[in-house]
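Worksheet: the structure to be examined is printed underneath.
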Ligand code: SF4
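In our numbering, the protein residues as written are -11 to 450.
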C-alpha cells in the first residue's frame, strides 16, 4: 500500500456502508494530526478553546517532543467539513502527532484546512473559547484546569483524581498514560491538581452555569484513576460519589451525572446511584481473556476478569441495563507483541464481547486507542492498530446492536454522520442519523438537540 490517501480511499471503497467521515475520524484518532504554527491557539488568552489534557495526554509525543504545540496548545477539537470528499460536519478530538501525514494549517487567507499527503481534504473549524474559560476561581485556578468541557462543549469532564493507584509496570494498564501525563504537566510547571477539592469543583461549575447561558453543557463525568486503598480517607465509591452528592445538592438536575470507575461490588454501585449518578461506566477495556490479563495486570490482580464482568452485569440491576455503558479501548487487541495478528481474529474477539454485553441489554461503547509513547503498548506500536480494524469494528458494532435490537447508548448526543458530537470515537458518527436515542430508564441524551449545527464554531479564519 502506498500513501495514506490510498489506504483511506481503498477502505472507503471496500466498506461503503461506513460513512467516509468516520474513516477519516478514526484515522485521525488512531494516528494523530500535525499542527502548523498558523493553526495553534493562544492558550487561555485567545479566541480558540485550547486542548485541556483532561485525563490522558492523547498525544503521540511527550510535551517536550511537541515543539511549539506544547507552548501554544492546539484546539481541543476540530470540525471537518466539505473538501473533495464532501464531508459532513465531523467533530474530532485533537491528538497531536508532528509526524502525521495529516496536517492542519492556515492558507494565505488565514482559512484553516486539513491536509493529507499535502492535499487539502477538508475545511477546519475550531471551538470558540467559552465565556466561562475566561473567568477564574477565587484562588486563581482556571476553570479549564478544574472543570474542562469536551465533546464540543456538552460534557464537563471532572478528572478529580489525576493519578492512578495502579502504579508501575506490574499494575498500570499497558495502554494508559494517566500517571505519566500527571508527571509531565508537573515537570512543565503547568497547574495540574492531583486531587481536586470538592469546593473548587463546585465553584468552577457555578461559573460554567452562570456563563453557559445556552445550556450547551448538559452532563458531567466524574473520573480519575483507580483507588485500591483510600484517597482523602475515602474508598473509590465514596471518593467519586461524594463529588456527585455535592453537585446534585448544589445543582439538582442541572446536568446528567456520570461516573467512570472500576467495576465495583453491587453495594458500592448502589452508593453511586444514591448519590445521584445516572450513568455508570465500569470499563471492560479489552475483551480477550489473555489480553485483559496482560494489559490490565492491576485489575486482574485486584478484581479479576470474570468478577469484573459479573459486577458489570450486577450493576445493571442498580442502574438499569441502558445506563450501564462499559468502555473498551478499540485497537489494543492488535498491539504487538501479544495482540491478534489478523484483523479477522481481533474483530471476532471484540464482537464476542459485544454480544456478551448486548445480550444482557448493556450497550458498550469504545474510544479509539491512541498509542501514547510513554506506555508499553504505545512504545511498541507507534502506528496504533490498522485502520481496517477500526473501520470493521464500526461495522461489527452496528450489526451487533441491530442483532439485539439496541439503539445508541444514552448520554452521547445525537447519532449519525453530520450530527454526532462525541469526539473520541466515531461510533456515534457511524450509526444511522434517523435513529432516536433510547431515553429508557430515565437517562436523557446529553448532546445538544440539534447537533453541532446548533453550536457556533469559530470562523475557520484565524
Ligand atoms: S485503572 Fe488502568 S486505565 Fe484506569 S487510570 Fe488506572 S492505569 Fe489507567
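The beta carbon of each residue, even a glycine, is placed where N, CA and C say it ideally should be.
Sort the options by Cα distance to residue i and report the nearest one.
i           : options               : result
residue 207 : 197, 214, 213 and 216 : 197
residue 452 : 15, 331 and 311       : Because the chain spans -11 through 450 in this model, residue 452 falls outside it and cannot be assessed.
residue 121 : 150, 364, 130 and -2  : 130
residue 87  : 353, 309, 24 and 379  : 24
residue 100 : 26, 55 and 50         : 26
residue 47  : 163, 9 and -7         : 163
residue 414 : 294, 141 and 354      : 354
residue 189 : 230, 98, 373 and 105  : 230
residue 150 : 358, 42 and 160       : 42
residue 363 : 165, 200 and 269      : 165
residue 98  : 50, 342, 301 and 113  : 113
residue 19  : 7, 292 and 91         : 91
residue 421 : 109, 287, 7 and 199   : 7
residue 32  : 116, -6 and 50        : 116
residue 179 : 128, 141 and 155      : 128
residue 330 : 373, 199 and 351      : 373
residue 4   : 382, 239 and 95       : 382
residue 45  : -9, 300 and 173       : 173
What does a CB cutoff of less than 7 Å around residue i pick up in its chain, not counting 5 residues either side in sequence?
i           : result
residue 274 : 280, 283, 316, 317, 320 and 321
residue 223 : 215
residue 447 : Low per-residue confidence applies at residue 447: pLDDT is 43, beneath 50, and the placement is therefore not dependable, though the value from the model is reported in the following sentence. If we look at residue 447 and ignore the five residues flanking it on each side, it has no Cβ neighbours.
residue 15  : -4 and 375
residue 379 : -1, 3, 6, 11 and 14
Which residues does DSSP list as the beta-bridge partners of residue i?
i           : result
residue 23  : 92
residue 149 : 183 and 212
residue 274 : Bridge partners of residue 274: none, in fact.
residue 113 : 67
residue 107 : 104
residue 81  : 65
residue 130 : 124
residue 137 : 144
Once you ignore the five residues that flank residue i on each side, which residues in its own chain have a CB closer than 8 Å to its CB?
i           : result
residue 232 : 210, 245, 247, 260, 263, 264 and 265
residue 125 : 131, 134, 188, 191, 192 and 195
residue 218 : 227
Only counting the same chain, and skipping five residues up and downstream in sequence, which positions put a Cβ closer than 6 Å to that of residue i?
i           : result
residue 368 : 324
residue 328 : 321, 322 and 334
residue 271 : 314 and 315
residue 236 : 264
residue 384 : 335 and 339
residue 341 : 275
residue 139 : 409, 410 and 411
residue 67  : 77, 79, 113 and 445
Strictly closer than 6 Å from CB to any heavy atom of the ligand SF4: give me those residues in the order they appear in the chain. The set, ordered by position in the chain, is 152, 154, 160, 161, 164, 166, 213 and 214.
Could you tell me which uninterrupted alpha helix (DSSP H) segments, each at least 4 residues in length, are contained entirely in the segment 311 to 380, listed from first to last along the chain? You should have 331 to 346 and 364 to 368.
Secondary structure, beta strand (DSSP E): runs of 3+ residues fully inside the segment 259 to 307: Entirely contained in the segment 259 to 307, the beta strand (DSSP E) runs reaching 3 residues are, in chain order, 267 to 270.
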